[in-house]
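Below is one structure, written out as structure tokens; the observations come after it.
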Amino acid sequence: MRPLTEAETRAVFEKLSKYIGENIQLLVDRPDGTYCFRLHRDRVYYLSEKLLKLAASVPRESLVAPGTCFGKFTKSQKFRLSVTALDFLAPYAKVGHGPRAGPMPAPWPLTALPLSQYKVWVKPGSEQSFLYGNHVLKSGLGRITENTAQYQGVVVYSMADVPLGFGVAAKSTQECRKVDPLAIVVFHQADVGEYVRNEDTLT
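Everything in the sequence shown is counted per UniProt numbering, starting at 1 for the first residue and increasing by one.
Here it is in structure tokens:
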């Protein structure tokens, strides 16, 4: 287990900013203590400094999961968010300004990040399809946040406001109003059904 490098930190923060914007800072500076991100076996974990000190005494080969897994780096060093981060993405997201164009400037000042949260609500009849790893179709779309841009990160909810997962908007809000019912409106990225489907590999 080790701290993230500058390049790894940039990759993680850029991915998180698509969903929770400047509220990344709220993940680190919390009322109940200071939290941090650490890399262990290509996976990025989110944990308190108190837990970090305890985990430091555990041999690396014996350490399974030092905190909450937020995602992992692929062989090409791209960061992929895991559904295990959903419980933190959903409550920290706030409605605000739209996405910033282009990459974040180093050293990525948190106060300069766009405040953005975009939600998609799926109809009851389409929840199961999404929880099986399928994209969201226009026919299954209940609601979508106004001014959602194409390819914007979105948190997917049931109509009862229960977080189901997250994805990427395939169409903007305006386009969703006039597309074919079978058109894909949200590309699936992760869903809570993975806790069952990927039980053996999800950490």
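Ideal Cβ positions, reconstructed from N, Cα and C, are used throughout, including at glycine.
Distance between beta carbons of residue j and residue i, contact taken as under 8 Å
i           : j      : result
PHE166      : LEU89  : 6 Å
GLY67       : LEU51  : 6 Å
PHE79       : ALA11  : 4 Å
residue 229 : SER158 : Missing from the structure shown is residue 229; the chain here goes from 1 to 203 and no further.
VAL179      : LYS138 : 5 Å
GLY21       : GLN152 : Not confirmed; about 11 Å, so no contact.
Option in the options with minimal Cα separation from residue i
i      : options                        : result
LEU47  : SER76, GLU22, SER17, ALA85     : ALA85
HIS188 : GLY133, VAL120, LEU51, GLY142  : GLY133
ALA160 : GLU175, GLU127, LEU137         : GLU127
VAL28  : LYS15, CYS36, THR68            : CYS36
GLY125 : LYS119, TYR118, VAL136, GLN117 : VAL136
VAL185 : VAL162, ASP191, GLN150, LYS53  : GLN150
THR145 : GLU175, SER129, PHE130, LEU131 : GLU175
ASP191 : GLN77, PRO163, LEU39, LEU54    : PRO163
SER129 : LEU26, GLN77, GLU194           : GLU194
Between the CA atoms of residue j and residue i - distance to the nearest angstrom
i      : j      : result
THR173 : VAL156 : 14 Å
TYR45  : ARG30  : 16 Å
GLY140 : GLU8   : 36 Å
THR34  : LEU16  : 18 Å
ASN198 : VAL83  : 11 Å
ARG2   : LEU39  : 5 Å
GLY142 : PRO91  : 20 Å
ARG43  : ARG177 : 38 Å
GLY49  : VAL168 : It is worth fixing the name first, because residue 49 is Glu in this sequence and not Gly. Cα to Cα, GLU49 sits roughly 32 Å from VAL168.
LYS171 : LEU131 : 20 Å
VAL95  : PHE73  : Here VAL95 scores only 46 on pLDDT, less than 50, and its place in the model is too uncertain to base an answer on.
SER76  : VAL154 : 24 Å
Cβ neighbour criterion (16 or more within 10 Å) applied to residue i
i           : result
ASN147      : exposed
ALA56       : exposed
VAL58       : exposed
TYR19       : buried
ARG41       : exposed
ASN23       : buried
residue 205 : With the chain covering only 1 through 203, there is no way to say anything about residue 205.
THR111      : Note that THR111 scores a pLDDT of 35, beneath 50, so its modelled location is shaky; the value from the coordinates is reported in the next line. Classification of THR111: exposed, given that the 10 Å Cβ count is below 16.
Discussion item. To test your reading of the DSSP string, which unbroken beta strand (DSSP E) runs of 3 or more residues are found completely within the segment 12-86?
Written reply: 33-40, 43-48, 68-73, 79-81
Worksheet entry | Minimum length 4: unbroken alpha helix (DSSP H) runs contained in the UniProt domain "PUA" (118-193) | 124-131, 173-176
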